[in-house]
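Engineer:
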Amino acid sequence: MRSLIVVVALLVLVPLFKFCAERPTMTIVPIYAFSLPLASVVELNVPLPPPFNTLSSLLGAFLLAAVFVHITVFERARVPSPPVGLWCLFMAWVSLTALWAPSSGKAMQGLMIAVPLVMVMIAFSLLNWSRRDIDVLRLAIVISGLVVGAYALYLLVSGAGLPSHGVNARFSVTSDAEDTDPNILAASLLLPMAMALEMFVHTRITWWSRRTSRWIGGCALILTLFAIIATGSRGGLLGSFAAIVLTLYFAGRSARGRQVARRSASSLVTLLVGFALVVGVIGLLSPNAVQNVVGSDPIQRLTRPDSSGRNDIWKAGYLACERHCDHGIGIGNFVAAYNETFPFSGATGNIGLNRPAHNTYLQIAVETGFVGLALLLVALASEWAALSMAPAREIMPAQRAALAALLIAEVFLTAIWFKFFWLLIAVDRAIEAAPEQESVASESPGPDGLPPTLAAPVMRRAGVVET
2 MRSLIVVVAL
12 LVLVPLFKFC
22 AERPTMTIVP
32 IYAFSLPLAS
42 VVELNVPLPP
52 PFNTLSSLLG
62 AFLLAAVFVH
72 ITVFERARVP
82 SPPVGLWCLF
92 MAWVSLTALW
102 APSSGKAMQG
112 LMIAVPLVMV
122 MIAFSLLNWS
132 RRDIDVLRLA
142 IVISGLVVGA
152 YALYLLVSGA
162 GLPSHGVNAR
172 FSVTSDAEDT
182 DPNILAASLL
192 LPMAMALEMF
202 VHTRITWWSR
212 RTSRWIGGCA
222 LILTLFAIIA
232 TGSRGGLLGS
242 FAAIVLTLYF
252 AGRSARGRQV
262 ARRSASSLVT
272 LLVGFALVVG
282 VIGLLSPNAV
292 QNVVGSDPIQ
302 RLTRPDSSGR
312 NDIWKAGYLA
322 CERHCDHGIG
332 IGNFVAAYNE
342 TFPFSGATGN
352 IGLNRPAHNT
362 YLQIAVETGF
372 VGLALLLVAL
382 ASEWAALSMA
392 PAREIMPAQR
402 AALAALLIAE
412 VFLTAIWFKF
422 FWLLIAVDRA
432 IEAAPEQESV
442 ASESPGPDGL
452 PPTLAAPVMR
462 RAGVVET
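In our numbering, the protein residues as written are 2 to 468.
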C-alpha cells in the first residue's frame, strides 16, 4: 500500500514540478508569495524541526528547486544586480560572526533560517520577468492580504473572538501564541496593503479593466488595513500610515501624476463613503458587531500610551551594544547578551529575561557589530536607489513606500529573518528585470529584420508610416 502511495505521488508531483519549472514566475513564485501570511503557521507532519516543518518552508524549497531546474534546463539565468552582491556580502559577515558566538547552537540555528531566505531572494534575481509576470505576483500578494483581512473581519463581526495572546486578545491566523506574533503578522501585511492602494489609484492589472483593478484594490486595502488594526500592533499601524502616505506620494510623482492625484482624491472619498455605509449596515443588522470591534482588545491597546516594556528592553540592549557592538556577539545570540546586561539596566518593569530586541537595528548591531549594521544599511540604501530609477518608479511605485514602511516597523520589531522581509527584497529583483525584458522585446527583429526602433524611421522615410 505504501509503495502504491509513493508511485501515485510521483505520478502527480513530477508533472507538476516540470510545469512549475518551465514557468516559475507564473506558478510557484506567486503561490509562495500568496501563502506567506497563512502558510507560515501551517505545520506539516514531516521529520523536520521548526520552523522548517511549515507549509511555507516546503513551498520555499519547492521554489528553489524549480528555479534551479529552470535556469539549467529551460532558460539562461540573469546576471544578479549589484544589490544582490551587497546582500551576499552582508550575509557573509553574518555567517562569520557564528565563529565566535558563545552559543554555537543558537548561531547555527540562526544561519539555517537566514541562508534559505537569502537564497530565495537570489532565486528571484536569476529569473527573467515580464510585466505580466509582475502583475501575477502583485495580484497574489494583494489577494493574500484580502484573505487575511476577511478572516479578521469574520472573527470580530461574528462574535467568534480573537485569539488570546497573553492577557490580550489580538488577531492572528492561529491561536497558539508560540507559533505566531500579531506584530509580525501586521508587518507582513504592509506590502499587500501598499500594493492594494497602488492598484486602487494607479496600476491596472494587465488582463483586467481599470475599474475591476480598482474594485479589487479598494476591497483589499480596506480589509488588509482592518487586519493590521486588529493585530493591535502600534508599529504595524505606524508603518501602514507611512505606506499609505508614501504610496500616494510616489504614485503622484509618476508619469500619470496629475491623473493619479485626481483619482486618488475621488477614490478615497468614495472608499470612505462606502466604508461608512458598510459599517452602518452592519450596525443596523447586528448592533453588537460594531460594539465588539470598538471595544476589542486591539483597539484598546492601540490607544494606551505605554511602550509594552520596549523601553526597558532597549535599555538592556544599549548596554549589550556597549559590550558587543565592536564585532558582534554572533548571530542568534542577542538573548544571551540581553541576559548579561538586563540586571544592570535599571529596568522599571518586570519584563524578565530571554527577551528579543524588539528593534531589528539593535539586534543586528549587537549580534553582528557595527560592521554588520553598516553592511545592512548599505544594502538597504542600494535597494532604495534601485527602486528610485525611472523604470521601477513606473512599474510599482508602491514598492518604495512598502520598503520605507517596513523599515519604520522594524524599529519596533525583530523581524529581519522572516520570509515577508525577504519577499519584499525579492520583489525588487523582479522589478529590476522587467524593464530589461521589455527593452529586449522591443528590440526583437521586425518583419524586415530590423528592430522596431530602427524599422519605424526607415518605413516613415519610405512613406509607409504616417508621421
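Glycine included, C-beta positions come from ideal geometry on N, C-alpha and C.
Tell me which residues share the same chain as residue 399 and place their Cβ nearer than 6 Å to its Cβ, disregarding the 5 neighbours each side in the sequence.
Structural biologist: 195, 196, 199 and 248
Engineer: What did DSSP end up calling residue 411 once you bin it into helix, strand or coil?
Structural biologist: coil
Engineer: Please report how far the alpha carbon of residue 223 lies from the alpha carbon of residue 116, in whole angstroms.
Structural biologist: The alpha-carbon atoms of residue 223 and residue 116 are separated by roughly 35 Å.
Engineer: Under DSSP, the alpha helix (DSSP H) around residue 381 begins and ends at which residues?
Structural biologist: 361-388
Engineer: Taking the C-alpha atoms as reference points, what is the distance between residue 49 and residue 406?
Structural biologist: If you take the alpha carbons of residue 49 and residue 406, they lie about 34 Å apart.
Engineer: DSSP state of residue 44, grouped into three classes?
Structural biologist: strand
Engineer: Which of the three DSSP states, helix, strand or coil, is assigned to residue 34?
Structural biologist: helix
Engineer: Does residue 441 pass the burial test, meaning 16 or more other C-beta atoms within 10 Å, or should it be called exposed?
Structural biologist: For residue 441, the predicted model reports a pLDDT of 46, less than 50, meaning its position is unreliable; a value from the coordinates is still stated below. It is exposed - the Cβ of residue 441 has fewer than 16 other Cβ atoms within 10 Å.
Engineer: Does the Cβ-Cβ distance between residue 419 and residue 123 come in under 8 Å?
Structural biologist: no
Engineer: Measuring CB to CB, does residue 432 end up less than 8 Å from residue 135?
Structural biologist: yes
Engineer: Report the rounded CA-to-CA distance for residue 364 versus residue 86, giving the unit in angstroms.
Structural biologist: 22 Å
Engineer: Specify whether the region 206-214 and the region 150-163 touch according to this definition: at least 3 beta carbon pairs, one from each stretch, less than 8 Å apart.
Structural biologist: no
Engineer: Using the Cβ count rule (16 or more neighbours within 10 Å means buried), how would you classify residue 101?
Structural biologist: exposed
Engineer: Per DSSP, residue 539 forms a beta bridge with which residues?
Structural biologist: The chain is shown only over 2 to 468; residue 539 falls outside these bounds and no answer can be derived.
Engineer: Go through its chain and collect everything with a Cβ distance to residue 380's Cβ below 6 Å, but skip five positions before and after it.
Structural biologist: 87, 88 and 91
Engineer: Short of 6 Å in beta carbon distance, which residues of its chain neighbour residue 98, apart from the five on each side in sequence? Order them along the chain.
Structural biologist: 329, 331, 332 and 369
Engineer: By Cβ distance below 6 Å, which residues in the same chain neighbour residue 417 in space, the five residues on each side in sequence not counted?
Structural biologist: 361
Engineer: Leaving out five residues on either side along the sequence, give the residues of the same chain with a beta carbon under 8 Å from the beta carbon of residue 110.
Structural biologist: 333
Engineer: Taking buried to mean at least 16 other C-beta atoms within 10 Å of its own C-beta, is residue 246 buried or exposed?
Structural biologist: Burial call: exposed.
Engineer: Nearest-angstrom Cα distance between residue 218 and residue 201?
Structural biologist: 5 Å
Engineer: Looking at C-beta atoms only, is the number of pairs between the region 383-393 and the region 27-46 that lie closer than 8 Å three or more?
Structural biologist: no
Engineer: Using a Cβ-Cβ cut-off of 7 Å (strictly less than) and excluding sequence neighbours within five positions of residue 234, which residues of its own chain qualify?
Structural biologist: 183, 184 and 187
Engineer: Could you tell me which whole alpha helix (DSSP H) segments of length 4 or greater appear in the region 174-221?
Structural biologist: 183-189 and 191-202
Engineer: How many Å lie between residue 14 and residue 319 at the Cα?
Structural biologist: Straight-line Cα distance between these residues: approximately 51 Å.
Engineer: Kindly list the residues whose CB is nearer than 8 Å to the CB of residue 72, restricted to its own chain and excluding five residues on each side of it in sequence; keep chain order.
Structural biologist: 78, 127 and 128
Engineer: State the Cα-Cα distance for the pair residue 325 and residue 338, rounded to the nearest angstrom.
Structural biologist: 8 Å
Engineer: Which class does residue 447 belong to by DSSP, given the choice of helix, strand or coil?
Structural biologist: For residue 447, the predicted structure reports a pLDDT of 45, less than 50, and the residue's modelled location is therefore unreliable. A value from the coordinates is still provided. Of the three classes helix, strand and coil, the one that applies to residue 447 here is coil, per DSSP.
Engineer: Would you call the CB atoms of residue 428 and residue 138 closer than 8 Å?
Structural biologist: yes
Engineer: If you run the structure through DSSP and keep just helix, strand and coil, what is residue 456?
Structural biologist: Model confidence at residue 456 stands at a pLDDT of 43, short of 50, so the residue's coordinates are unreliable and nothing is read from them.
Engineer: Using the Cα positions of residue 270 and residue 403, report the straight-line distance between them to the nearest angstrom.
Structural biologist: Cα-Cα distance, rounded: 23 Å.
Engineer: For a test of the three-state rule: what should DSSP assign to residue 126, helix, strand or coil?
Structural biologist: helix
Engineer: For residue 174, I'd like the list of residues in its chain whose CB is within less than 8 Å of its CB, leaving aside the five on either flank, ordered along the chain.
Structural biologist: 38, 39, 42, 149, 152, 181 and 186
Engineer: Counting only the same chain and skipping the five closest in sequence on each side, list residues whose C-beta sits under 8 Å from that of residue 35.
Structural biologist: 141, 142, 144 and 145
Engineer: Just the C-alpha distance for residue 412 and residue 133, rounded to the nearest angstrom, thanks.
Structural biologist: 35 Å
Engineer: Look up residue 245 in the DSSP assignment and say whether it is helix, strand or coil.
Structural biologist: helix
Engineer: Over what stretch of residues does the alpha helix (DSSP H) that includes residue 144 continue unbroken?
Structural biologist: 132-158
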